[in-house]
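Peer 1: Below is the structure I would like to discuss, written out as structure tokens.
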Amino acid sequence: MRILLVEDDAVLADSTARALRSQGWVVDCTARGEPVPISLREDRYDLLILDIGLAGIDGFETLRRVRGQGSPIPVLVLTARDGVEDRVRGLEGGADDYLVKPFALSELIARARALVRRSQARFSNELRMAALRMDLDARRAFINEESLALSAREWEVLSFMLARVGKVIAKEQIVSASNGWDHSTTDNAVEVCISRLRAKIEPAGINVRTVRGFGYLLEEQDARRSA
Amino acid sequence: MSAAPQASARRREPLSIKQRLLLWLVLPLLVTAPSGGLVLYTLVHDATAKWLDQGLGDTVQAIGNYIRTHDGEVIFEVSQQTDRALRFDRLDRIYYVVLAPGGQVVAGDAQLADYRFTLRPGEWRVQDDVVGVEPVRLISLGVACGAPGNVCQVRVAETIYKRTQLRRELLLGVSGVMFVLAALIVLAGWIAIRQGLRPIAAISDELERRDLDRLEPIGAWVPVEMAPLREAFNRLFERLQRAARSQQDFISNAAHQLRTPLTSLRTDIELALLEPHDPGLEPLLQRLKSGVERSARLAQQMLSLARSEAAQLHIEPPRRVDLRELVAQSAEDWVPRALRAGIDLGFELAPAAVTGQQFLLHELVENLVHNALAYAGEGAGVTVRTRSDARHAVVEVEDTGPGIPAAERDRMFERFQRGAQPQGSGSGLGLAIARDIARQHGGELGMHDGVHGRGLMVRLTLPLAA
Numbered sequence: 081m082r083i084l085l086v087e088d089d090a091v092l093a094d095s096t097a098r099a100l101r102s103q104g105w106v107v108d109c110t111a112r113g114e115p116v117p118i119s120l121r122e123d124r125y126d127l128l129i130l131d132i133g134l135a136g137i138d139g140f141e142t143l144r145r146v147r148g149q150g151s152p153i154p155v156l157v158l159t160a161r162d163g164v165e166d167r168v169r170g171l172e173g174g175a176d177d178y179l180v181k182p183f184a185l186s187e188l189i190a191r192a193r194a195l196v197r198r199s200q201a202r203f204s205n206e207l208r209m210a211a212l213r214m215d216l217d218a219r220r221a222f223i224n225e226e227s228l229a230l231s232a233r234e235w236e237v238l239s240f241m242l243a244r245v246g247k248v249i250a251k252e253q254i255v256s257a258s259n260g261w262d263h264s265t266t267d268n269a270v271e272v273c274i275s276r277l278r279a280k281i282e283p284a285g286i287n288v289r290t291v292r293g294f295g296y297l298l299e300e301q302d303a304r305r306s307a
Numbered sequence: 105m106s107a108a109p110q111a112s113a114r115r116r117e118p119l120s121i122k123q124r125l126l127l128w129l130v131l132p133l134l135v136t137a138p139s140g141g142l143v144l145y146t147l148v149h150d151a152t153a154k155w156l157d158q159g160l161g162d163t164v165q166a167i168g169n170y171i172r173t174h175d176g177e178v179i180f181e182v183s184q185q186t187d188r189a190l191r192f193d194r195l196d197r198i199y200y201v202v203l204a205p206g207g208q209v210v211a212g213d214a215q216l217a218d219y220r221f222t223l224r225p226g227e228w229r230v231q232d233d234v235v236g237v238e239p240v241r242l243i244s245l246g247v248a249c250g251a252p253g254n255v256c257q258v259r260v261a262e263t264i265y266k267r268t269q270l271r272r273e274l275l276l277g278v279s280g281v282m283f284v285l286a287a288l289i290v291l292a293g294w295i296a297i298r299q300g301l302r303p304i305a306a307i308s309d310e311l312e313r314r315d316l317d318r319l320e321p322i323g324a325w326v327p328v329e330m331a332p333l334r335e336a337f338n339r340l341f342e343r344l345q346r347a348a349r350s351q352q353d354f355i356s357n358a359a360h361q362l363r364t365p366l367t368s369l370r371t372d373i374e375l376a377l378l379e380p381h382d383p384g385l386e387p388l389l390q391r392l393k394s395g396v397e398r399s400a401r402l403a404q405q406m407l408s409l410a411r412s413e414a415a416q417l418h419i420e421p422p423r424r425v426d427l428r429e430l431v432a433q434s435a436e437d438w439v440p441r442a443l444r445a446g447i448d449l450g451f452e453l454a455p456a457a458v459t460g461q462q463f464l465l466h467e468l469v470e471n472l473v474h475n476a477l478a479y480a481g482e483g484a485g486v487t488v489r490t491r492s493d494a495r496h497a498v499v500e501v502e503d504t505g506p507g508i509p510a511a512e513r514d515r516m517f518e519r520f521q522r523g524a525q526p527q528g529s530g531s532g533l534g535l536a537i538a539r540d541i542a543r544q545h546g547g548e549l550g551m552h553d554g555v556h557g558r559g560l561m562v563r564l565t566l567p568l569a570a
């Protein structure tokens, strides 16, 4: 996996790059936003990690230019500002995710991985996590090449959740993501669906963690230990 | 030791403007009113007395007209009727006497003959005198009679009842008029002073309402004399506001600038923890990590503080914020932190809309959740609740951790105050900031026992949005 890191603080750029490389990823660094659109055209990157506070054009402007040339690359924005307005501006400007400094390294790695996974799913039309694989074209799911039977609703819910690995998913989001459900769907129906799914994907090494009163979070069972 | 208070007690309070103006009005009045009264009295009295003397003089003249001489002898003959007419006065008694050139009484009241003086013909003499025990006004006239060089005298005396009465009435009248006049002047002056000073009171009222967070220029109308004062104040406010803002900017910038190096420090420590390392270094690295986290949190809170103060300067207008949404949006950030801390984080969310600054309320709730995650301890449960009743929106953050003894709770809201056992990544500013923000929004923040008698529940109560 190849990552372009745009960060103008040399020390932070160095340690972030080392951290990402420790995951076996290839990292290129630049301190300025201006050359980013050209770099993205010339080389194939899987992820752009972009600091907002840059000398010269700032992260927002860089992002605007990147999206302006039609690049679909997933973008993780780093910022020293945590204003809600900044967050909204970043996400509306085309960022896929947002991390506020100082962030935990594990958080950065998890977000980066989730972003790349989502974008790869878009290209390959395939979602993967641990031993689970969902072929979106064929609408079929596998655990270690063994077919996994899912109802239409379970398929919708699981694919929605798998595309958001690493994020907490609210029950309302699950309801609105599924065609057959409307706003009158009870939490109970969601819970029943999730508990069935939980049993089905447990063998793949995936744990569905319940966030009480809120929603769910997909975790790889072994990844949880290391985190 | 006691000299200072005594000295200050002895020092007279300087006079107020009102007192000063009144003093300068009353002092001249104290001089002018009596002297004006005196002048008026004298003028009226002298004029009236002159007319009274004139009347008496007429009587003298009339008596003089009755004097005849016959063979060198002075003769004065009047009928009883004439005598009564000459002596007639409604208020005073009138005496008269006619004296021969030798001083012998020709006719009339002999008592008046006692005074020895000579007069030339046609000469008047006016004097105050006494007849018996009665004070009188005595007017004498020399009248030529008989041989040339012989001068008779006609003397008329009138008791002074009228004159005394006149003086008394004049005195009463003039002093009464002067007193009323002075009183009216003082009253009018007092009203004028009050009216004139009213703009000062208005401007004081306005100044009273100014504060570091309310420095808008004084808009009240002021008279032209006070315009420079108002302008001076407004310029001062402008400078103060600029200073306050640049201080905000400085803190805000400093906090931002701190974050980047702190991030790289933290990343390096985490890298060291990930890479193979001497197990003996592990506690040190963990301590370093939590130290960095605490510094980062402190920077964050200084930033919040600066922004919270900026909010008081009305830089950002308040908006409607649903605390349920706010919590739901932050859940994504909190859940991974709870997982790392081994805490079961749960939510019970119902709508709770308030009016305020979203970023401040976010910081407030963030602080409460941060504390719960930092201090509840591994294996504990933390529940974040939002709800509302008829008048309040409520946020509760409850944990099943060790809690805080009731006696220590109040102290926790002081700045830079941390629990008895310093642990976790608290900066000691969090709760103080949280309470500041709650109060700014007209709400209250309190610590209670957990619902099941375990742990701690921090409850934020805010007025419900209209």
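Listed in order, the protein sequences are those of chains A and B. Going by the numbering used here, the first residue of the first sequence is number 81, and it counts up by one from there. Going by the numbering used here, the first residue of the second sequence is number 105, and it counts up by one from there. In this text, a Cβ means the ideal position worked out from N, Cα and C, and glycines have one as well.
#1: If you draw a straight line from the alpha carbon of E252 of chain A to that of N268 of chain A, how long is it in whole angstroms?
#2: For a quick check, are the C-beta atoms of I243 of chain B and V202 of chain B less than 8 Å apart?
#3: What does V439 of chain B touch in chain A if you count any residue whose Cβ is under 7 Å from its own?
#4: Who are the neighbours of V91 of chain A on chain B, taking C-beta pairs under 8 Å?
#5: If you drop the 5 nearest sequence neighbours on each side, which residues of the same chain put their C-beta closer than 8 Å to that of L133 of chain B?
#6: Return the CA-CA distance between A221 of chain A and V255 of chain A, expressed in angstroms with no decimal places.
#7: Step through the CB atoms of chain B and report whether any lies within less than 8 Å of the CB of T110 of chain A.
#8: Please report whether the beta-carbon of D382 of chain B lies at a distance below 8 Å from any beta-carbon of chain A.
#9: Compute the Euclidean distance between the alpha carbons of V278 of chain B and T146 of chain B, then round it to the nearest angstrom.
#10: Please name the residue, chosen from B:E467, B:L216, B:P225, B:W438, that lies closest to P205 of chain B on a Cα-to-Cα basis.
#11: What does the Cβ neighbour count give for P118 of chain B, buried or exposed, with the cut at 16 atoms within 10 Å?
#12: Hey, is P154 of chain A's beta-carbon within less than 8 Å of any beta-carbon in chain B?
#13: Any Cβ of chain B within less than 8 Å of the Cβ of K251 of chain A?
#14: How should I129 of chain A be labelled, buried or exposed, when 16 other C-beta atoms within 10 angstroms of its C-beta is the threshold for buried?
#15: Can you tell me whether DSSP reads R219 of chain A as helix, strand or coil?
#16: Note down the Cα distance separating Q257 of chain B from F180 of chain B, rounded to an integer number of angstroms.
#17: Span of the beta strand (DSSP E) holding M209 of chain A?
#18: For E436 of chain B, decide whether its Cβ has a neighbour in chain A, counting only Cβ atoms nearer than 8 Å.
#19: Please report the residue range of the beta strand (DSSP E) in which T459 of chain B lies.
#20: What are the residues of the region 444-461 of chain B that lie near chain A, defined by any Cβ-Cβ distance shorter than 9 Å?
#21: Less than 8 Å between the CB atoms is what I'm expecting for A284 of chain A and A211 of chain A, so what's the real figure, rounded?
#22: In chain A, which residues lie less than 7 Å from A400 of chain B when you measure between Cβ atoms?
#23: Please go through the same chain and pick out, in chain order, the residues whose beta-carbon is closer than 8 Å to the beta-carbon of L101 of chain A, but skip the five residues on each side of it.
#24: Runs of 3 residues minimum, wholly inside the region 194-251 of chain B: which ones carry the beta strand (DSSP E) assignment?
#25: Name, going along the chain, the residues of the region 185-200 of chain A whose beta-carbon falls closer than 9 Å to a beta-carbon of chain B.
#26: To the nearest angstrom, how far is the alpha carbon of L319 of chain B from that of P332 of chain B?
#27: Residues of chain D with CB under 8 Å from A432 of chain B, in chain order?
#28: H556 of chain B by DSSP, collapsed to three states: which one?
#29: With DSSP run on the structure shown, which of helix, strand or coil describes I153 of chain A?
#30: Specify, as a first and last residue, the run of the alpha helix (DSSP H) that D88 of chain A falls within.
#31: Determine the closest residue to R112 of chain A out of A:L85, A:R276, A:M81, with distance taken between C-alpha atoms.
#32: Where DSSP assigns a beta bridge to C109 of chain A, which residues make up the other side?
Peer 2: According to the data block:
#1: 12 Å
#2: no
#3: V248, V291, L297
#4: P365, S368
#5: A286, I289, V290
#6: 21 Å
#7: no
#8: no
#9: 10 Å
#10: Closest by alpha carbon: B:P225.
#11: Counting C-beta atoms within 10 angstroms of its own C-beta, P118 of chain B has fewer than 16 neighbours from the protein chains shown and is therefore classed as exposed.
#12: no
#13: no
#14: buried
#15: Three-state result, R219 of chain A: coil.
#16: A direct Cα-Cα distance of roughly 12 Å separates Q257 of chain B from F180 of chain B.
#17: 206-209
#18: yes
#19: Counting along the chain, the beta strand (DSSP E) containing T459 of chain B begins and ends at 457-460.
#20: R444, D448, L449, G450, F451, E452, L453
#21: Correct: roughly 4 Å between the Cβ atoms.
#22: P182
#23: Position check: residue 101 of chain A holds Arg in this sequence, whereas Leu was assumed. Once the five neighbours on either side are set aside, the close Cβ partners of R101 of chain A are V107.
#24: Those beta strand (DSSP E) runs which fall completely within the region 194-251 of chain B and span 3+ residues are 198-203, 209-212, 228-235, 238-248.
#25: For the region 185-200 of chain A, residues whose beta-carbon sits nearer than 9 Å to a beta-carbon of chain B comprise L185, S186, E187, L188, A190.
#26: 18 Å
#27: The structure shown has no chain D; the protein chains it does contain are A and B.
#28: coil
#29: coil
#30: Looking at the DSSP string, D88 of chain A is not in any alpha helix (DSSP H), and its letter there is neither H nor E.
#31: A:L85
#32: A:L85
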